[in-house]
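Below is one structure; the comments refer to it alone.
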Amino acid sequence: QREQHHGAILVVHDLRTALTAEREQRANLAKDQFLASTSHELRTPLTTIIGNCEILIEQPLRSSEQEMVHSIDVAGRGLLSLINDMLDLSKIEAGKFQIDPNNFKLSELLQQIRHIFSTRIESSGLNFEIIQSVTPEHQLIGDPQRITQILINLLGNAIKFTEEGFIRLRIDHLESEEQLRFSVEDSGVGIDAEAQKMLFQPYRQADSTISKRFGGTGLGLHISRILAELMGGSIELERGAASSSSSPMSPANYPTPASLSHRRAIMNNYKVMC
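Residue numbers for the sequence shown follow our numbering, so the first one is 11 and each next one is one higher.
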């Protein structure tokens, strides 16, 4: 006859880790919802302000009035860029960000870039030039919205930190006939090697005095590098302080969507670094 034992077994589970993870998930969801709704509410009036500024800039205003309208335009675009950057970063962190490759023309992208920066370049007194080794009307494959976003961030930084001289956007046709490389060059003071290490980190500036003098959160370059990597490319900084600097984007070996493969074979498209 078996000997019977009487008693109880107490099993204890530490739920603190699970509860913490659940709270973080709820907090992230609330943050995403807040950013999405807030950014929409802010972007609509900002777009109106920027549009009206563009109309006013073309009017025969006095010099002082032109300066005021220009400052409103620059501030509005800066705020809109910040809102977009924050929303993009939130989507990236949540794994909800998607790249949308399509066929597009280089000429259309460059026309948009010129439109965005024409007034700012003119008021800064800098010389802006675009050098390209590919036909502007050539068909490209990539995400034009994100390529434009990256170029806006790179060009905006170049203008911000260049007091005199030039800003240059270079589009090079690489050895592979299906790849392009974009480079933003300027005659600014450059960035020393030590500061370059933190240049692409979020919420960081290469120098603490930069944010005090020029403002900015440091999000633009961080997001630009992430976007480039999501599209199979990269962004690097070349040269150092006290010299002309260059921010090239390496070409992406972007997979051609099946729906575009036949058209690509016909048009001999280029893949674009992104």
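Ideal placement from N, C-alpha and C gives every residue a C-beta, glycine not left out.
Classification of P70 by the beta-carbon crowding that lies within 10 angstroms, buried from 16 upward | By the neighbour-count criterion, in which 16 or more other beta carbons inside 10 Å mark a residue as buried, P70 falls on the exposed side.
In chain order, which continuous runs of the beta strand (DSSP E) of length 3 or greater are located wholly inside the region 120 to 158?
-> Correct list: 137 to 142, 149 to 152.
Using the C-alpha atoms, what's the distance from E64 back to E118?
-> Cα to Cα, E118 sits roughly 19 Å from E64.
What number of angstroms, rounded off, separates the C-alpha of L237 from the C-alpha of I169?
-> Using only the alpha carbons, I get a separation of about 21 Å.
Identify whether E239 lies in helix, strand or coil by the three-state DSSP scheme.
-> Helix at E239.
Alpha carbon to alpha carbon, what distance is there between Q121 and G314?
-> Lying outside 11 to 284, the shown extent of the chain, residue 314 is not represented and no answer is given.
By Cβ distance, which residues of its chain are closer than 6 Å to P146, with the 5 residues on each side in sequence left out?
-> Correct list, in chain order: L116, S117.
Limits of the beta strand (DSSP E) - the one that I181 falls within | Segment 176 to 183, the beta strand (DSSP E) holding I181.
The alpha helix (DSSP H) spanning E77 covers which residue range?
-> Taken as a continuous stretch (DSSP letters only), the alpha helix (DSSP H) holding E77 covers 73 to 103.
Going by C-alpha distance, which of F192, F176, I181 is nearest G198?
-> Ranking the options by Cα distance to G198, first place goes to F176.
Quick one: what does DSSP say D42 is sitting in, helix, strand or coil?
-> Residue state, collapsed to three classes: helix.
Under the assumption that R156 contacts I109 (Cβ atoms under 8 Å), give the Cβ distance between them as a whole number of angstroms.
-> Beta-carbon to beta-carbon, R156 and I109 are separated by about 6 Å, close enough to satisfy the 8 Å threshold.
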